[in-house]
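In my numbering, the protein residues as written are 1 to 138. Note sheet for the following structure.
Here it is, written out as structure tokens:
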């Protein structure tokens with residue numbers, strides 16, 4: 001047994017665990033600005049996204065990239081849950097004074113039953129996976 005594991009083994013007797021306090025500011029990529037950090041922390045504090053930190057950072061950087069390079073277009077999020085990625089996109093656009101919109105699309109009730117037209121690149125129909133997924137969630 002490693003020496004560092006001993007304190008946690010003792011604490012586990014009381015239902016406790018010793019962990020290192022992490023500093024979220026230390027985990028930000030160097031390209032992230034202070035306004036980006038505020039937007040990110042708002043989304044995390046309000047539980048607006050199930051995306052990983054890395055994916056939220058990627059959204060920030062992608063939005064900054066299209067604005068800085070004057071690439072036309074808006075931001076679209078499909079399957080939004082609470083809209084965290086769109087909140088990030090809108091925040092980046094606002095901070096950069098970019099005239100862009102964030103469009104959010106969701107069914108609000110889950111996916112519709114697939115038809116024969118719903119196939120993947122291998123030609124496999126989606127209905128079998130859909131039925132299997134429904135059984136696992138019911």
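We put the beta carbon where it would ideally sit given N, CA and C, even for glycine.
Residue environment, residue i, which counts as buried when at least 16 other CB atoms sit within 10 Å
{"i": "residue 10", "result": "exposed"}
{"i": "residue 18", "result": "exposed"}
{"i": "residue 101", "result": "exposed"}
{"i": "residue 77", "result": "buried"}
{"i": "residue 106", "result": "exposed"}
{"i": "residue 48", "result": "buried"}
{"i": "residue 70", "result": "exposed"}
{"i": "residue 121", "result": "exposed"}
Coil, strand or helix - residue i by DSSP
{"i": "residue 10", "result": "helix"}
{"i": "residue 130", "result": "helix"}
{"i": "residue 5", "result": "helix"}
Residue closest to residue i, alpha-carbon to alpha-carbon, out of the options
{"i": "residue 111", "options": "31, 49, 130, 16", "result": "130"}
{"i": "residue 58", "options": "72, 127, 84, 118", "result": "84"}
{"i": "residue 31", "options": "75, 50, 60", "result": "60"}
{"i": "residue 66", "options": "99, 35, 82, 81", "result": "99"}
{"i": "residue 33", "options": "50, 86, 91", "result": "91"}
{"i": "residue 82", "options": "96, 94, 44", "result": "44"}
{"i": "residue 63", "options": "41, 86, 80, 50", "result": "86"}
Within-8 Å CB hit, residue i to chain C
{"i": "residue 31", "result": "Checking the listed chains, one finds no chain C in this structure; it contains a single protein chain."}
Ranges of the beta strand (DSSP E) found wholly within the segment 19-92, counting only runs of at least 3: 75-78
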